Amino acid sequence: MISGPVVGGRSAKLQEDYQSSIDLLRKETGKTIRFQRATDYAAVIEGQRSGKVDIALYGALSYLVARTSGVRATAVAAALAEKGGSPGYRSYGVVKTGSPIHDLAGFKGKKVCLVDPNSTSGYLYPRAGLIDAGVNPDSEITAVLAGTHDASALGVAKGQCDAGFAYDAMVDKKLIEKGQLKAGELTTVWKSDLIPGSPIAISDDLDPALKDKIAKVIQEHMNIDYLESHGFCTPGKCMVDESGDWGFVKVADTFFDPVRHVCEVTKAKSCTAAE
1 MISGPVVGGR SAKLQEDYQS SIDLLRKETG KTIRFQRATD YAAVIEGQRS GKVDIALYGA
61 LSYLVARTSG VRATAVAAAL AEKGGSPGYR SYGVVKTGSP IHDLAGFKGK KVCLVDPNST
121 SGYLYPRAGL IDAGVNPDSE ITAVLAGTHD ASALGVAKGQ CDAGFAYDAM VDKKLIEKGQ
181 LKAGELTTVW KSDLIPGSPI AISDDLDPAL KDKIAKVIQE HMNIDYLESH GFCTPGKCMV
241 DESGDWGFVK VADTFFDPVR HVCEVTKAKS CTAAE
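Each step along the sequence shown adds one to the number in full-length UniProt numbering, with nothing skipped, and position 268 is 268.
As structure tokens, then:
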């Protein structure tokens, strides 16, 4: 069994961020769990399509692409940033502080950093935001695909792009904590509607009893409180994923219908096929 690839960052650091969750799955399922990192969301999709990945962490868009392209996998849980909160996050449109750009309309004619065509918060929702602001994302910006959220935000900070998009915690927390970005270095000029939290999808080809067991572990035990109280990690230093989320909560496939709606509005090619 392979715990599916994720996107962004260094492999060694990602392995460290997910180690407590991997150890949890190993202990409570009795199965061998091997962690693998992918270079992009298309690789995550193809890994699960080929049967090489049993458990995959997707973005909401890449999960829908996987489903519509015939991948036999179903979301069983979504990431929850804070205990008691809603399983979701936002996309930010950012500029370097001091920029004359104050809203998405100002992105017109500019070089704009995006993440990946299969990224929900780094591509799909930004396209919807630009369209709503009267900017054609296909012809009225110069798009730069940075590949990861950190690269997109840092591309703006370094002046490689006039503006860009990344998910909220990357801008507000992660890059600042890593010392790669100074507080106040970027200004957020746009925030998206709440985006359904990143799902964990399990292959439908697994034995049903095993699939149910894995799903229950993820839904009920893959969170900071449980991991700390059961000795999987050191209190105060516990991680369940690379985003610093509190944990995962149970969701159904219909939870991702808002993303399906944005796909209908934007007619984005990335909604129907991995690129």
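Glycine included, each C-beta is placed from N, C-alpha and C at the ideal position. Only a predicted model underlies this, so the values are computations on that prediction, with no experimental measurement involved.
Around Gln48, the same chain offers Ala56, Val71, Ala73 as residues with beta carbons nearer than 6 angstroms, after the five sequence neighbours per side are excluded. Non-local C-beta neighbours of Asp40 in its own chain, meaning closer than 8 angstroms and more than five positions away in sequence, comprise Val7, Asp116, Asn118, Gly147, ordered along the chain. The Cβ atoms of Ile224 and Trp190 lie no closer than 8 angstroms to each other. Secondary structure within the stretch 59 to 122: the alpha helix (DSSP H) runs of 4 or more consecutive residues, fully enclosed, are 60 to 68 (chain order).
Residue state for Ala128 is assigned as helix, using DSSP reduced to three classes.
Counting C-beta pairs closer than 8 angstroms gives three or more between the stretch 183 to 199 and the stretch 93 to 112, which meets the contact rule. For the pair Ala268 and Arg127, the CB atoms are nearer than the 8 angstroms cut-off.
Within its own chain, the residues whose Cβ lies closer than 7 angstroms to the Cβ of Arg260, once the five positions on either side in sequence are excluded, are Leu64, listed in chain order. In this structure, the CA atom of Lys52 is about 27 angstroms from the CA atom of Leu227.
Between Phe255 and Pro100, the alpha-carbon positions lie close to 38 angstroms from each other. Rounded to the nearest angstrom, the Cβ distance from Met222 to Val240 is 6 angstroms, consistent with a contact under 8 angstroms. For Pro196, the three-state secondary structure derived from DSSP is strand. Non-local beta-carbon contacts of Val262 in its own chain, meaning distances under 7 angstroms to residues more than five positions away in sequence, involve Leu124, Tyr125, Ala128 in chain order. When C-beta atoms of the stretch 149 to 164 are compared with those of the stretch 80 to 87, fewer than three pairs fall below 8 angstroms, so the two segments do not count as touching.
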